[in-house]
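A.B. asks: Below is the structure I would like to discuss, written out as structure tokens.
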Amino acid sequence: MPASRAISQQILIVSAHPDDMEIGMGGTVAKLAESKAIITSVVVTDGGRASNPFAWTEKRMAEVRREEALRAARVLGVEQVLFFDEPDAADEINAPLVKQKLTELIARLRPTEVYTLHEQLDRHPAHRLVGRLVRESCVGSGHRPSVGLWAYEVWGLFTSWDRIEYIDASVAKKSLAIAEHRSQVATIPYGEGVLGLNRWRAVFADPKASAPGGVYAEVFLRVPLSSSLISALHRSRGNRGEQPNRRRRP
Ligand SMILES: [Zn+2]
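Numbering (this note's numbering), first residue to last: 110 to 359.
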């Protein structure tokens with residue numbers, strides 16, 4: 110590895126499904142890649158039980174989605190994509206194995222920042238599980254990412270956030286990356302849906318601002334990594350007990 114890259118930011122992004130990262134933070138990913146960050150994306154499930162209007166087998170769907178994820182990663186500038194190939198259902202994911210793999214990966218990569226799904230606010234059970242496993246793996250690895258552990262939003266909107274990233278310069282890449290998930294956007298317009306949200310984020314970011322800080326934005330919540338902060342978070346947010354979303358969603 111060239112010396113100039115050795116000092117670059119190492120970024121780890123862990124998602125439940127092949128298109129979560131693109132939908133939730135594709136603009137920020139492209140921004141980070143352009144800033145020379147080295148990005149590793151982990152996709153925990155094979156996405157085989159996704160929206161499937163083609164009557165493909167689960168195996169075929171998983172194969173197609175892997176190719177789609179690789180194409181989208183190239184659009185965004187992601188260095189490598191690791192597929193854990195777990196079954197596409199929260200209750201079938203081998204949580205101890207995923208945690209072991211993530212812990213080893215974090216210890217090896219020593220990322221400066223880590224991103225994942227939100228373990229409470231996301232309405233999709235597999236997303237919540239992955240969010241929890243990433244946090245526990247960070248703690249278990251003994252490595253504290255210097256820039257932090259961050260949650261991005263997909264199936265659950267944040268009512269407040271700790272960080273906003275304007276993505277005007279990378280929103281085109283985000284749209285192209287989502288469009289690479291052809292098997293999914295064939296029936297559900299994820300790109301349009303999330304761009305509406307990203308537009309809203311930018312326009313309504315700050316009630317005191319005289320003008321928006323940008324045209325499109327993605328927001329993130331910081332995930333506490335110290336045990337006292339985590340217990341405080343659980344006490345304040347409680348168990349929201351939301352019903353699992355339909356399984357066939359990104
Ligand atoms: Zn998903």
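Backbone N, C-alpha and C fix where the C-beta goes; we use that ideal spot for every residue, glycine too.
Give a single yes or no on whether H126 has its beta carbon closer than 6 Å to a heavy atom of ligand 1.
C.D. replies: Answer for H126: yes, Cβ within range of ligand 1.
A.B. asks: For F192, write down the residues that DSSP places opposite it in a beta bridge.
C.D. replies: Answer by DSSP bridge pairing, in chain order: V152.
A.B. asks: Return the chain-ordered list of same chain residues with a C-beta closer than 6 Å to the C-beta of D277, the five sequence neighbours on each side being excluded.
C.D. replies: Excluding positions up to five away in sequence, the list reads G323, V324, Y325.
A.B. asks: Using a threshold of 6 Å, is the CB atom of D129 nearer than that to any non-hydrogen atom of ligand 1?
C.D. replies: D129: yes, Cβ under 6 Å from ligand 1.
A.B. asks: Take E289 and list the residues in its own chain whose beta-carbon comes closer than 7 Å to its own, dropping the five residues that flank it on each side.
C.D. replies: If we look at E289 and ignore the five residues flanking it on each side, its Cβ neighbours are E177, R180, A181, V184.
A.B. asks: In whole angstroms, what separates the C-alpha of V173 from that of P316?
C.D. replies: In a straight line, the C-alpha of V173 is about 43 Å away from that of P316.
A.B. asks: Roughly how many whole angstroms lie between the Cα atoms of Q118 and Q293?
C.D. replies: Q118 and Q293: Cα-Cα distance of roughly 31 Å.
A.B. asks: Taking only the alpha-carbon atoms, compute the straight-line gap between T225 and V123 and give it to the nearest angstrom.
C.D. replies: Spanning the two alpha carbons is a distance of roughly 5 Å.
A.B. asks: Do you know how far the Cα of K145 is from the Cα of R114?
C.D. replies: For R114, the predicted structure reports a pLDDT of 46, less than 50, and the residue's modelled location is therefore unreliable. A value from the coordinates is still provided. Their Cα atoms are separated by approximately 8 Å.
A.B. asks: To the nearest angstrom, report how far apart A171 and S319 are at their CA atoms.
C.D. replies: Spanning the two alpha carbons is a distance of roughly 47 Å.
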